[in-house]
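Residue numbers for the sequence shown follow this note's numbering, beginning at 99 and rising by one. Where a beta carbon is used, it is the ideal one built from N, C-alpha and C, also for glycine. Keep in mind that this is a model prediction, so the values were computed, not measured. Okay, structure first, notes after.
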Amino acid sequence: MSTLPRQRGLTEQAADAAIDTACRLLRLPSIRNEFNDIADKAVKDQMTYRGFLAELLMTECDDRARRRSERRIKAAGFPREKSLRAFDFDANPNIDAATVHTLASCEWIKKSQPLCLIGDSGTGKSHMLIALGTEAAMKGYRVRYTLATKLVNELVEAADEKQLNKTIARYGRVDLLCIDELGYMELDRHGAELLFQVLTEREEKNSVAIASNESFGGWTKTFTDPRLCAAIVDRLTFNGTIIETGTDSYRLASTRARAEEPSKAG
Numbered sequence: 099m100s101t102l103p104r105q106r107g108l109t110e111q112a113a114d115a116a117i118d119t120a121c122r123l124l125r126l127p128s129i130r131n132e133f134n135d136i137a138d139k140a141v142k143d144q145m146t147y148r149g150f151l152a153e154l155l156m157t158e159c160d161d162r163a164r165r166r167s168e169r170r171i172k173a174a175g176f177p178r179e180k181s182l183r184a185f186d187f188d189a190n191p192n193i194d195a196a197t198v199h200t201l202a203s204c205e206w207i208k209k210s211q212p213l214c215l216i217g218d219s220g221t222g223k224s225h226m227l228i229a230l231g232t233e234a235a236m237k238g239y240r241v242r243y244t245l246a247t248k249l250v251n252e253l254v255e256a257a258d259e260k261q262l263n264k265t266i267a268r269y270g271r272v273d274l275l276c277i278d279e280l281g282y283m284e285l286d287r288h289g290a291e292l293l294f295q296v297l298t299e300r301e302e303k304n305s306v307a308i309a310s311n312e313s314f315g316g317w318t319k320t321f322t323d324p325r326l327c328a329a330i331v332d333r334l335t336f337n338g339t340i341i342e343t344g345t346d347s348y349r350l351a352s353t354r355a356r357a358e359e360p361s362k363a364g
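Rendered as structure tokens:
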């Protein structure tokens with residue numbers, strides 16, 4: 099099969115036009131956007147042809163990886179942005195920074211292990227839950243964030259509409275399910291049993307991370323059936339990591355500190 103002969107000695111303008119067209123056809127938006135800057139840098143740094151080509155291709159690869167991470171983070175449904183870099187470990191000595199940074203490697207997700215963050219309001223549970231979920235999404239894992247009551251309500255509606263198996267399967271597929279505010283509200287037996295089904299679907303197959311303001315001993319307020327409560331605690335702690343964030347609200351402490359600053363200055 100013959101091909102049309104290419105014209106040699108293209109002008110700069112013609113070459114730029116050809117590159118732009120080729121990048122559109124091949125769907126290489128990053129190379130298309132960055133080509134001129136990379137080409138100028140290649141001339142300045144006297145890159146070899148291979149070096150220049152590698153720079154172009156890595157630019158496209160890096161940008162695609164970034165866009166994939168952004169899509170996974172968006173798909174997770176986090177209510178706000180939180181990062182480990184922004185967490186003030188000095189303000190809450192109950193949380194061991196080394197343990198958290200080990201969790202950020204996501205080995206526990208690879209091993210399908212659970213994570214429990216237990217402590218009072220304002221101690222950093224939700225921040226940690228979202229930040230670790232974000233780290234997982236950035237590393238290529240499929241993540242889903244939800245409030246406990248929202249998840250239960252969704253399961254109840256799905257059961258009423260004969261869509262329960264489909265909904266449980268959808269929550270079962272993600273690599274990490276983050277359940278926030280578990281323990282804030284009492285669940286009736288039906289809702290608790292539906293939540294238990296989700297946890298059972300994921301047991302030793304995919305990770306669950308929860309944040310709760312109640313110690314495990316107080317979970318009978320949420321799960322009023324003692325046997326069901328014990329089974330749920332077992333699902334969420336077996337081979338897992340438990341981080342107790344304490345009772346002192348560092349969020350409240352920082353608010354008070356900011357309020358006192360003007361008076362100190364005066």
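{"query": "Cβ-Cβ distance between threonine 232 and serine 181 below 9 Å", "result": "yes"}
{"query": "Spatially closest choice to aspartate 194 from Ile341, Ser347, Thr345, Asp346, by CA coordinates", "result": "Ile341"}
{"query": "Burial state of arginine 343, where buried means 16 or more other Cβ atoms lie within 10 Å", "result": "At residue 343 the sequence reads threonine, which differs from the arginine that was named. So threonine 343 counts as buried."}
{"query": "Buried or exposed by the 16-neighbour rule on C-beta atoms within 10 Å, applied to cysteine 204", "result": "buried"}
{"query": "Residues bridged to tyrosine 243 [DSSP beta-bridge criterion]", "result": "Cys276"}
{"query": "Local Cβ density within 10 Å of methionine 99, reported as buried at 16 or more and exposed below that", "result": "Unreliable positioning characterises methionine 99 in this predicted model, as indicated by a pLDDT of 45, which lies under 50. The coordinate reading is nonetheless provided below. By the 10 Å Cβ count, methionine 99 comes out exposed."}
{"query": "N-terminal and C-terminal residue of the beta strand (DSSP E) that isoleucine 216 is part of", "result": "213-217"}
{"query": "Cβ contact (3+ pairs, closer than 8 Å) linking the segment 271-289 and the segment 247-261", "result": "yes"}
{"query": "Per-residue DSSP class, three states only, for alanine 202", "result": "coil"}
{"query": "Cβ-based burial, threonine 101 [other Cβ within 10 Å; buried from 16]", "result": "Confidence at threonine 101 is low in this model, with a pLDDT of 48, below 50, so the placement of that residue should be treated as unreliable; the coordinate-derived value is given next. By the 10 Å Cβ count, threonine 101 comes out exposed."}
{"query": "Which listed residue (Lys303, Met236, Leu292) has its alpha carbon closest to that of valine 272", "result": "Lys303"}
{"query": "Alpha-carbon spacing of glycine 364 relative to isoleucine 136, whole angstroms", "result": "No answer about glycine 364 holds up, because its pLDDT of 46 lies below 50 and its placement is not dependable."}
{"query": "Residue range of the beta strand (DSSP E) that includes alanine 309", "result": "305-310"}
{"query": "Where lysine 223 falls, given that 16 or more other Cβ within 10 Å makes a residue buried", "result": "buried"}
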